[in-house]
Every structure is written in structure tokens, then in C-alpha cells.
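What follows is a short report on a single structure.
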Amino acid sequence: MENTENIALVVGATGITGSNLAEELLAQGWKTYGLSRNPNNSIPGLLPVKADLLDEQNLMEALKDLSPTHVYFTTWMRNDTEEENIRINSMLVRNLLNVLSPKKSVQHVALVTGLKHYLGPFESYVKEDKLPETPVREEYPRLPLPNFYYAQEDEIYKASERDGFTWSIHRPHTVVGYAVGNLMNIGATLAVYASICKETGRKFIWPGSEAQWNGVSDVTDAGILAKQLVWASTTESAKNQAFNITNGDVFRWKWLWKRLADWFGVEFEGFSDTIRPLEKELKNDQEIWKAIAEKNNLKENNLDRLSSAWHTDLDLGRPLEVMCDLSKSRKLGFTAYKSTEDSFIEVFKRLQAENIIP
518 MENTENIALV
528 VGATGITGSN
538 LAEELLAQGW
548 KTYGLSRNPN
558 NSIPGLLPVK
568 ADLLDEQNLM
578 EALKDLSPTH
588 VYFTTWMRND
598 TEEENIRINS
608 MLVRNLLNVL
618 SPKKSVQHVA
628 LVTGLKHYLG
638 PFESYVKEDK
648 LPETPVREEY
658 PRLPLPNFYY
668 AQEDEIYKAS
678 ERDGFTWSIH
688 RPHTVVGYAV
698 GNLMNIGATL
708 AVYASICKET
718 GRKFIWPGSE
728 AQWNGVSDVT
738 DAGILAKQLV
748 WASTTESAKN
758 QAFNITNGDV
768 FRWKWLWKRL
778 ADWFGVEFEG
788 FSDTIRPLEK
798 ELKNDQEIWK
808 AIAEKNNLKE
818 NNLDRLSSAW
828 HTDLDLGRPL
838 EVMCDLSKSR
848 KLGFTAYKST
858 EDSFIEVFKR
868 LQAENIIP
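The opening residue of the sequence shown carries number 518 in the working numbering; numbering runs sequentially from there.
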């Protein structure tokens, strides 16, 4: 049954977070629009909006007949420096909220960021000595480092004061879920890597740090993140707050890695003296993947469209164990849970079913 009162605009609807959120909203009966530069029609019921967030005129035209009540901002653009990240990514948020402002329809804006809020931007957190105490908690102060997450938050706070909508900030750890062509997808990246290992007889080698291999960790299932986004935007006590969000379990990669290898039927190798980046491991495998795709009649023969080794390397290469405290949302009634092993296996099964991996 359609929820006629709520009209959602999912910004970044083709990404791993946005596409899973769109599915959740539609399942709950919301009228749901999905904004992206290149919309796809893979989600039944999602109303596509083609727009460029960097072009305010283009946005105005694309949204002229739209008056969303709830805006979910799930996208960002990667740039060469954090200064450029700040400039571009704050503009994405600012342009959208400026265009929606005169409509006076927006009741709530939710922003998805992540644990770089606590760790600092990519180029800083792996070099910084001042790493946060874990588990990380929402009330930790901002780091004295440039960070585009802070800039995006500030745009929302300013627009909220101007327009009167409520807001929520969501900080997932590594997001696990299904979305092809998403440039930060650890599930697809590891699935492709394991498939190459199986084909070539290579070992499934741990690419990350000793701290991540041995330490306690957690991840965020895209479905759990979607549920929290909808919950926070419709629960009075959760509004105007920031929330960590993970599956609700913890694990050690040295336990999980073997289980992922077993699922694919490949031999694994754990941490051994040094980090062995996946980007380097997969660098010369384009032709191998092409042959695997041809042999198994797979949908995508371009390795770069499926794998984001650079991002997986950053996540798994952190020099400390990282996990989240979830007390804040738990106390307010958000209790969704997911087994992390199930998160990965479900992604692998879906990739197989969709003919993405053999």
C-alpha cells in the first residue's frame, strides 16, 4: 500500500546505499524518486530523476515538478585532495537544498557519511598518530583536520536553520551490499578477487594490516543502514541527531577471511609480515577476468567496473582496530541486527544469481 503522505528523494540512487534505501522505502509504500547523473531502471517502482548536483540550473529544471518531504543524501564525489573534496561535496549538498528551499516541502534531511568522521580523511588517517579510542562514539569531537564530512554536515545545519526541517546524520562502517558499478563495494571486490583465485589456483591473500587481521571489527549491511535511515527520519526522538550504524555483531577478519575463502572453495593466506595491497594483486588481472567472463557468459567483463580495490585496501589497511558503539540508537529503539557472515554470503549469492560472478 502506498504511503501517500511521504515523498522520498534518494540522492545517489544508483549507489550501494541509495539503491538499497530505495528498495526499503518502496517496500514500506513510499513514493520514491531516485536522483543520479545516470539513472537506471533496475529497481521496480523507483521514479528516476536525471540531474547534475553541480549544476544548480540543471537541478532546478529536473526538480521543478517535485516536492519531496524527505531527502536522503547518499552520494559524494572523490577528488584529488581533501580541500577539493570539501569544495565539491559541500556544493552538492548546498545546491540541492537551495533548489528545494522555495518549495517548503522538505520535513527531514538525512545524510550518510561514515567513520572518516572519527578517523580523518583518507590521506590523513593512515599517517596520523592521534587515532581515536574505540569503539567510536557519536559525541566524539571533530578532529582538527580538513574533512568534507564536516563541510557536508555544516551545509545541512545551515539549511535546517533557514528552512526549518529536521535532520539526521548516519555514520556506517564499511558498507556491504549489492550494487554493480558502485565504486566502493567491498562485497563485489572480494567476490571478484576470490573468483580469480579459483580460476588461477592462486591463494586468497589477506590484503590488509595486522591490526585489522587480528583486531575486532564490524561492518554495515546496506539493508540495515537503509532501515536506520527510514527509522531516524520518521521517529521524533531520533531527529536532529547523529548515529553510528553497523550490523550489531563484531568479528575478527582472521575468522571471517577463512569462511569467505571456504565459500568460494579457495585456499587462503592470512597476514604475513606486511600489507599486500589488493590493488597491486589485481593490477594485471583484466585479461584473466575477461576470459572468466567469456567462459561463464557473465554480464560484465570489465574488472574495473566491478572491483574497487583501492577502497578495500584503505578499509582493510587501517593501522588500528575500528568498531562502533551503537548504544545511542539502541536506547532510542532501533534494534535491527544482521550477521556479518550472512551479509557477505548474501551479496555473493546475489552476484552469482545476477550472473556477475561465476
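Even for Gly, the Cβ is constructed at its ideal location relative to N, Cα and C.
Are there 16 or more other CB atoms within 10 angstroms of the CB of residue i, so buried, or fewer, so exposed?
i	result
E599	buried
G850	exposed
Q803	exposed
K848	exposed
G535	buried
Y674	exposed
N814	exposed
T531	buried
S860	buried
E522	exposed
K855	buried
D597	exposed
S846	buried
R679	exposed
N664	buried
How is the beta strand (DSSP E) around residue i delimited, first residue to last?
i	result
W748	It is not in any beta strand (DSSP E) - W748 instead sits in the alpha helix (DSSP H) that spans A739 to T751.
L538	Here L538 belongs to no beta strand (DSSP E); instead the alpha helix (DSSP H) covers I533 to A544.
F788	F788 -> no beta strand (DSSP E), and no H or E assigned at all.
W547	W547 to S553
V566	L564 to K567
H690	From DSSP, H690 is part of no beta strand (DSSP E); its letter is neither H nor E.
I762	Q758 to I762
F781	No beta strand (DSSP E) contains F781, which is instead part of the alpha helix (DSSP H) from W770 to F781.
A627	H625 to V629
F590	H587 to F590
Whole angstroms are fine: how far does the CA of residue j sit from the CA of residue i?
i	j	result
R654	D842	6 Å
P652	K812	45 Å
N757	S712	44 Å
L543	R604	33 Å
M594	E784	36 Å
G681	S622	10 Å
K581	F760	32 Å
E817	E871	11 Å
Y666	H634	6 Å
N764	I809	33 Å
L636	I762	16 Å
E601	A676	22 Å
L609	L526	14 Å
N612	E656	28 Å
L833	E650	18 Å
A853	I741	7 Å
Q745	L617	24 Å
P638	A668	12 Å
Taking residue i as the reference, give the member of the options with the closest Cα.
i	options	result
E672	K816, P658, N606 and D779	N606
P875	I741, D859, G765 and K715	K715
M577	N615, L660, L831 and F781	N615
N819	N801, T829 and K744	N801
L660	F682, S677, L632 and G681	L632
I533	N814, D569, W770 and T737	T737
W772	Q745, W730 and A808	W730
V864	A705, E540 and S618	A705
Q869	A778, R719 and A708	A708
R554	E540, D569, P561 and I560	D569
H828	V692, L746 and A743	V692
V733	F768, R719, T717 and F721	F768
E743	V610, D832 and Y695	It is Ala, not Glu, that sits at residue 743 in the sequence shown. If we check each option's Cα against that of A743, Y695 comes out closest.
A755	S844, E838 and R867	S844
W770	E838, Q745, R719 and G782	E838
T717	I560, I805, P556 and S860	I805
I703	W774, A539 and P556	W774
L799	Y710, L831 and D735	Y710
K797	I524, L831, L777 and L552	L831
W780	D766, I862 and A579	I862
R835	E786, V747, L648 and P619	L648
P585	I560, E786, K620 and N557	K620
Go to residue i, then tell me how far its alpha helix (DSSP H) extends in each direction, as first and last residue.
i	result
V610	E599 to L617
A808	Q803 to N813
R679	F665 to D680
F861	T857 to A870
Y635	K633 to L636
V709	I703 to T717
E576	Here the sequence assigns Leu to residue 576, which means Glu is not the residue at that position. Taken as a continuous stretch (DSSP letters only), the alpha helix (DSSP H) holding L576 covers E573 to A579.
S846	S844 to K848
N819	Where N819 is concerned, there is no enclosing alpha helix (DSSP H), given that its DSSP letter is neither H nor E.
Is residue i a contact residue of the ligand ZN, with contact defined as CB to any heavy atom under 6 Å?
i	result
L820	The ligand ZN is not among the ligands present in this structure, which contains no ligands whatsoever.
Three Cβ pairs or more, each shorter than 8 Å: is that satisfied between the segment 609 to 628 and the segment 578 to 594?
yes
Within 8 Å, do at least three Cβ pairs link the segment 823 to 834 to the segment 751 to 760?
no
Is it a yes or a no for the segment 788 to 802 touching the segment 679 to 691, going by three-plus beta-carbon pairs under 8 Å?
no
Cβ contact (3+ pairs, closer than 8 Å) linking the segment 539 to 549 and the segment 565 to 573:
no
Can you find at least 3 beta carbon pairs, one from the segment 724 to 735 and one from the segment 557 to 570, that sit closer than 8 Å?
no
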